[in-house]
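**Student:** In my numbering, the protein residues as written are 5 to 166. Ideal Cβ placement from N, Cα and C applies to all residues, glycine included.
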Ligand code: OFO
């Protein structure tokens, strides 16, 4: 595999683990707000991110690349309100989409068809991630200051299984 493609794929292992960290921080924020449904929804999200990281990791290992396990930057659990936490998650997903597109650009440039095929799954996944985070913002905005609405949404989010 081309050096640049390897470098970007390796960096993405770290970024996906950071995504897990970031969602863990969001989950913890909601736990502290007594919103267990939100906390559980974002905890599942954090688990998904670890799976994403491992997909990148395994792809590299399967291609005989020694993966560099670099330091993960800290993540916050400190948000102004539920909307701010949801917006932070949405912003992060857009960042991740852009990063994955950068890897795709490098793979296309290098005519690395195998990596392009591998990345297709993530291109589709990011569409879903962005839609989910956009929906979450819309729901929280719709609720506004209605505590009963927040309670109902928390119950709904708590039903997510995977
Ligand atoms: Fe890995 O999809 Fe979110 O960040």
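Less than 7 Å between the C-beta atoms of residue 69 and residue 30, yes or no?
**Tutor:** Not in contact: residue 69 and residue 30 (Cβ atoms no closer than 7 Å).
**Student:** For residue 76, is the beta carbon positioned less than 6 Å from some heavy atom of the ligand OFO?
**Tutor:** Because no heavy atom of the ligand OFO lies under 6 Å away, the Cβ of residue 76 does not count as near it: no.
**Student:** If you pair each beta-carbon of the region 81-96 with each one of the region 51-61, do three or more pairs fall below 8 Å?
**Tutor:** Counting Cβ pairs under 8 Å, fewer than three are found: no touch.
**Student:** If you draw a straight line from the alpha carbon of residue 123 to that of residue 108, how long is it in whole angstroms?
**Tutor:** Residue 123 and residue 108: Cα-Cα distance of roughly 7 Å.
**Student:** Considering just the uninterrupted stretch of the alpha helix (DSSP H) at residue 162, what are its terminal residues?
**Tutor:** Careful: residue 162 lies outside any alpha helix (DSSP H) and carries neither H nor E.
**Student:** Candidates 104, 6 and 137: which alpha carbon is nearest residue 91's?
**Tutor:** Checking every option, the nearest Cα to that of residue 91 belongs to 137.
**Student:** On a Cα-Cα basis, can you pick out the residue from 153, 166 and 165 that is closest to residue 2?
**Tutor:** Residue 2 falls outside the range modelled here, since the chain spans only 5 to 166, and no answer is possible.
**Student:** Can you give me the C-alpha to C-alpha distance between residue 36 and residue 101, rounded to a whole angstrom?
**Tutor:** So the two alpha carbons sit approximately 29 Å from each other.
**Student:** Would you say the beta carbon of residue 56 comes nearer than 6 Å to a heavy atom of the ligand OFO?
**Tutor:** Yes, Cβ of residue 56 sits closer than 6 Å to a heavy atom of the ligand OFO.
**Student:** Measuring from the CB of residue 134, is there a heavy atom of the ligand OFO at a distance below 6 Å?
**Tutor:** Result no, Cβ not under 6 Å from the ligand OFO.
**Student:** Measuring straight from C-alpha to C-alpha, what distance separates residue 52 and residue 43?
**Tutor:** The straight-line gap from Cα to Cα measures roughly 14 Å.
**Student:** Measure the Cβ-Cβ separation of residue 24 and residue 50 and say whether it is below 7 Å.
**Tutor:** Yes, they are a contact pair.
**Student:** Report the start-end ranges of each alpha helix (DSSP H) in the region 27-85 that is 4 residues or longer and not cut off at the edges.
**Tutor:** Within the region 27-85, the complete alpha helix (DSSP H) runs of at least 4 residues are 40-66.
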